[in-house]
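**Student:**
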Amino acid sequence: QGDKHLGGKLTGSMDPILEILTSSIAIDQRLADVDIQSSVAYAKALEKASILTKPELEKILSGLEKISEEVSKGVLVVNKSDEDIHTAIERRLKELIGDVAGKLSIGRSTNEQVVVTDLKLLMKNSISVVSTHLLQLIKTLVERAAIEIDVILPGYTHLQKAQPIRWSQFLLSHAVALTRDSERLGEIKKRVNILPLGSGALAGNPLDIDRELLRSELDCASITLNSMDAISDRDSVVELLSVATLLMLHLSKLAEDLIIYSTSEFGLVTISDALTTGSILMPQKKNPISLELIRSKTGRVLGRLVSIIMVLKGLPSTFSKDLQEDKEAVIDVVDTLTAVLQLATAVISTLQINKENMEKALTPEILSSDLALYLVRKGMPLRQASTAVVKAVHLAETKGITINNLTLEDLKSISPLFASDVSQVFSIVNSVEQNTAAGGTAKSSVTTQIEQLRELLKKLKEQA
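Quick note: to get this note's numbering, add 1340 to the position in the sequence shown (first position is 1).
1. Work out the CA separation of G1495 and A1502 for me, nearest whole Å.
2. Alpha carbon to alpha carbon, what distance is there between K1661 and G1342?
3. For R1723, count neighbouring Cβ atoms within 10 angstroms of its own Cβ and tell me buried if that reaches 16, exposed if not.
4. Between the C-alpha atoms of L1475 and L1800, what's the straight-line distance to the nearest angstrom?
5. Alpha carbon to alpha carbon, how far is I1367 from P1628?
6. How would you write the range of the beta strand (DSSP E) that P1504 sits in, first residue to last?
7. DSSP three-state label for T1472, please.
8. Report yes if the C-beta distance between S1674 and I1634 is below 8 angstroms; otherwise report no.
9. Could you tell me the boundaries of the beta strand (DSSP E) in which L1493 lies?
10. Taking the continuous alpha helix (DSSP H) assigned at I1741, which residues delimit it?
11. Given 8 angstroms as the limit, is there contact between the segment 1441-1455 and the segment 1638-1654, that is, 3 or more CB pairs closer than that?
12. Give me the DSSP bridge partner(s) of N1627.
13. Identify the continuous alpha helix (DSSP H) that holds D1569 and give its terminal residues.
14. I believe L1702 touches I1768 by the beta-carbon criterion, under 8 angstroms. Please report the beta-carbon distance rounded to the nearest angstrom.
15. Assign A1732 to buried or exposed, taking buried as 16 or more other Cβ atoms, counted over all protein chains shown, within 10 Å of its Cβ.
16. Given a cut-off of 8 angstroms on the beta-carbon distance, is the pair L1677 and K1718 in contact?
17. Tell me the rounded alpha-carbon separation between S1556 and I1489.
18. Alpha carbon to alpha carbon, how far is L1518 from D1672?
19. Might you give, ordered along the chain, the residues of its own chain that have their beta carbon closer than 6 angstroms to the beta carbon of Q1792, omitting 5 neighbours on each side?
20. Run through the DSSP bridge pairs and tell me what Q1692 is partnered with.
21. Have a look at L1462 and T1472 and give me their C-alpha separation to the nearest angstrom.
22. Within 10 Å of its beta-carbon, does M1698 have 16 or more other beta-carbons around it, so buried, or fewer, so exposed?
23. What does L1444 pair with, by DSSP beta-bridge criteria?
24. State the beta-bridge partners of I1549 as determined by DSSP.
25. With respect to the alpha helix (DSSP H) encompassing K1783, which residues constitute its N-terminal and C-terminal limits?
26. Count the other C-beta atoms from every protein chain shown that fall within 10 angstroms of the C-beta of A1385, then say buried if there are 16 or more, exposed otherwise.
27. Could you give the distance in angstroms between the alpha-carbon of L1535 and the alpha-carbon of S1562?
28. Just the C-alpha distance for S1785 and L1713, rounded to the nearest angstrom, thanks.
29. Looking only at its own chain, which residues have a Cβ that is under 6 angstroms from the Cβ of E1396, when we skip the five neighbours before and after it?
30. Find the nearest neighbour of S1539 within the set S1657, T1658, E1452, judged by alpha-carbon distance.
31. Would you mind sorting G1438 into buried or exposed? The rule is 16 or more other CB atoms within 10 Å of its CB.
32. Considering only their Cβ atoms, is the gap separating T1658 from I1571 smaller than 8 angstroms?
33. On the CB-based measure, 16 or more other CB atoms within 10 Å of its CB, does N1770 come out buried or exposed?
34. DSSP on I1563, reduced to helix/strand/coil?
35. Among A1515, I1600, S1390, L1591, which residue has its Cα nearest to the Cα of H1498?
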C-alpha cells in the first residue's frame, strides 16, 4: 500500500507503483527557487484581493524566505509523500507557520503553478544561461578567426579536396550558424516570458486576482489571454527543444569536421590532451572523446524533442498527467546544452593548428576550378572549360606530374586559349584572394565578416 492519500472523493491510498510514476520530485527539485518566487508573488496578490491580511502575508513571506534559505543551503527535506517540489514547499511552509500556510493555495491550482508557471520561469532563466555560453563559443570562434586569418587550408566537399580557403572562413562558417541559434533562443524567450499564473485549473481565478501585479512581481512581459490555453500550452517547450536540436546539429557538424581534421590521415589540427584520452592497448592513439561526446549528445536532445511531441500529439485540451514529462525533457536538454557549449568552447580555445600539414595538403590539383575559370574569362563556355581542365588533369596523370608542371605547349594542345599568363593561376594565395564578393574567403571579405559578427554579438548579448 502506498503512502499517498488519493484525495477528493476517493478513499484509501494510491497504488505504490502508480505513486512512483506520478512522483516528479526527483526531477523538479530544480524548480524550487522559481516555485518560491511565484508563491511570493501570489501571496502579495492574495493580500491585495483581501484574501490575506497584512500579518498573514508577512508570516507567509517570512516562511517562504526561510524555505528559500534551506533550498540554497541544500537542507530542505523532501519527504517520500511529496509528489512534487510545490507539494514539498507547501508542507514545509505549514510546518514553519502553521495553518495560515493553507491560504496560499486559495484560488491557485497545481496545474498553473508547477506545471506551467514554474516551468516557464525556469525556461526563461535557463535560456539566458544557455545563451551566455553560446555567445562565448561564437566569440571564441570569431576572435580565433581574426588571429589566424592568414592560414590557408583545403576546403572539402564530399570529403574530397575542393578549393583552398582561409582557416578563418572555416571557423566563421560555424560561428554564423550558431548566431542563428542565438537569435532563435531570443525569439523563444519572448514567448516564454508570458505569465500563466492566475489561470486556475482551467477556468480562471475567481478571486479577482490582479494578474498584472503577478506579471510585474515575476518580471514577465505580459499575461496569457485565455486560461484554458494557458494550462494546455507547451509550444515553448517544443520550440526550445527544436532550437536545441538545431544547435546540437550545428555543434555536431563542427565536432565531426574537427574529428576528421585531427586524424593522422589529415593531421590538420591537434586537440588538447586534456580533452582526449589515450589507449593502453594502442598507445599511439589520441582519441577525441570531447568531440565524440558533443556529437553523440545530439541524438539525446533530438530524442527529447521527439518524445515530447509524441506526448502532446494525443492530448485533449488543458491538463493531463502526460504533461509531467515536459519538465524532465527541458531540464535534461538545458543541462546537456550548458555542458556541451562549455566543452566546445574549451576545444576551440585550446585547439592547435598544424600549418605545415595544411600547406602540404594544398596540392596543385586543388586549383583545377581556377584553371577552368581562367578559360571562362577568356571566353570559353563553362562546360567546355570544365572538359578542357579534365583533359589537363588526365594528361598530367599520364605524364606522372602535377597539373601545374604541364608545359604551356601541353596546355595549348588542349586549348589555344591557354597563354603565358596561365602561370598566375597556380597560386594558392591568388586563388583565395579572387573570392572578394561578400561572404567569400578573400582576406578583405573575411575581415568584413569578422567585423559584422562582432557587431552582431553585441546585439545578441543585449537580448540574452
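For every residue, glycine included, the Cβ atom is placed at its ideal position computed from N, Cα and C.
This structure is a prediction, so every number in the text was calculated from the model and none was measured.
**Tutor:** The structure says:
1. Counting from one through the sequence shown, the residue named residue 1502 turns up at place 162. Counting from one through the sequence shown, the residue named residue 1495 turns up at place 155. One C-alpha to the other measures close to 6 angstroms.
2. Your numbering for residue 1342 matches position 2 in the sequence shown. Your numbering for residue 1661 matches position 321 in the sequence shown. Confidence in G1342 is poor, its pLDDT being 44 and thus under 50, which makes the residue's placement too unreliable to answer from.
3. Residue mapping note: residue 1723 aligns to position 383 of the sequence shown, counting from 1. By the neighbour-count rule (16 or more Cβ atoms within 10 Å), R1723 is not buried but exposed.
4. Taking the sequence shown and counting its residues from 1, one reaches residue 1475 at position 135. Taking the sequence shown and counting its residues from 1, one reaches residue 1800 at position 460. Computed Cα separation, rounded: 8 angstroms.
5. Here residue 1367 refers to the residue found at position 27 when the sequence shown is read from its first residue. Here residue 1628 refers to the residue found at position 288 when the sequence shown is read from its first residue. Distance from the CA atom of I1367 to the CA atom of P1628, rounded to whole angstroms, is 32 angstroms.
6. Mapped onto the sequence shown, residue 1504 falls at position 164. From DSSP, the beta strand (DSSP E) with P1504 extends over 1500-1506.
7. Here residue 1472 refers to the residue found at position 132 of the sequence shown. It is helical.
8. Locating residue 1674 in the sequence shown gives position 334, counting from the first residue. Locating residue 1634 in the sequence shown gives position 294, counting from the first residue. Looking at the sequence shown, residue 1674 is not Ser but Val. No. Outside cutoff.
9. Start at 1 with the first residue of the sequence shown, and residue 1493 comes out as number 153. Run containing L1493: 1492-1497, per the beta strand (DSSP E) assignment.
10. Walking along the sequence shown from the start, residue 1741 turns up at place 401. Per DSSP, I1741 lies in no alpha helix (DSSP H) segment and is marked neither H nor E.
11. no
12. By 1-based counting over the sequence shown, the position of residue 1627 is 287. N1627 pairs with T1617.
13. In the sequence shown, counting from the first residue as 1, residue 1569 sits at position 229. Residues 1567-1572.
14. As a working note, residue 1702 is residue 362 in the sequence shown. As a working note, residue 1768 is residue 428 in the sequence shown. Between I1768 and L1702 the Cβ distance is about 5 angstroms, and since that is below 8 angstroms, they are a contact.
15. Locating residue 1732 in the sequence shown gives position 392, where the first residue counts as 1. Flag for A1732 reads buried.
16. Here residue 1677 corresponds to residue number 337 of the sequence shown, with the count starting at 1. Here residue 1718 corresponds to residue number 378 of the sequence shown, with the count starting at 1. Cβ atoms of L1677 and K1718: not closer than 8 angstroms.
17. The count along the sequence shown starts at 1 and reaches residue 1556 at position 216. The count along the sequence shown starts at 1 and reaches residue 1489 at position 149. Computed Cα separation, rounded: 48 angstroms.
18. Locating residue 1518 in the sequence shown gives position 178, where the first residue counts as 1. Locating residue 1672 in the sequence shown gives position 332, where the first residue counts as 1. About 21 angstroms.
19. Mapped onto the sequence shown, residue 1792 falls at position 452. Closer than 6 angstroms at Cβ, skipping near neighbours: no residue.
20. Numbered from 1 along the sequence shown, position 352 holds the residue referred to as residue 1692. Beta-bridge pairing links Q1692 to T1610.
21. One-based indexing of the sequence shown puts residue 1462 at position 122. One-based indexing of the sequence shown puts residue 1472 at position 132. Taking the straight line from one Cα to the other gives about 16 angstroms.
22. The residue given as residue 1698 occupies position 358 in the sequence shown. Buried is the call here.
23. Within the sequence shown, the letter at position 104 stands for residue 1444. DSSP, once it has assigned bridges, lists no residue as partnering L1444.
24. Counting from 1 along the sequence shown, the entry for residue 1549 is found at position 209. Partner(s): none; I1549 has no beta bridge.
25. For the purposes of this step, residue 1783 is taken as the residue at position 443 of the sequence shown. Here the alpha helix (DSSP H) through K1783 covers 1783-1803.
26. Your numbering for residue 1385 matches position 45 in the sequence shown. By the neighbour-count rule (16 or more Cβ atoms within 10 Å), A1385 is buried.
27. As a working mapping, residue 1535 is identified with position 195 in the sequence shown. As a working mapping, residue 1562 is identified with position 222 in the sequence shown. Whole-angstrom Cα-Cα distance: 6 angstroms.
28. As a position in the sequence shown, residue 1785 is number 445, starting the count at 1. As a position in the sequence shown, residue 1713 is number 373, starting the count at 1. Each residue's Cα considered, the two are about 20 angstroms apart.
29. As a first step, residue 1396 is located in the sequence shown; it is residue number 56 there, counting from the start. Once the five neighbours on either side are set aside, the close Cβ partners of E1396 are V1440.
30. Locating residue 1539 in the sequence shown gives position 199, where the first residue counts as 1. Closest by alpha carbon: E1452.
31. Taking the sequence shown and counting its residues from 1, the one referred to as residue 1438 is at position 98. The residue in question, G1438, is exposed, as its Cβ has fewer than 16 Cβ neighbours within 10 Å.
32. If you number the sequence shown from 1, residue 1571 lands on position 231. If you number the sequence shown from 1, residue 1658 lands on position 318. Yes, Cβ-Cβ distance for I1571 and T1658 is below 8 angstroms.
33. Along the sequence shown, one-based indexing puts residue 1770 at 430. By the 10 Å Cβ count, N1770 comes out exposed.
34. Translated into the one-based positions of the sequence shown, residue 1563 becomes position 223. Of the three classes helix, strand and coil, the one that applies to I1563 here is strand, per DSSP.
35. Counting from one through the sequence shown, the residue named residue 1498 turns up at place 158. The residue with the shortest Cα to Cα distance from H1498 is I1600.
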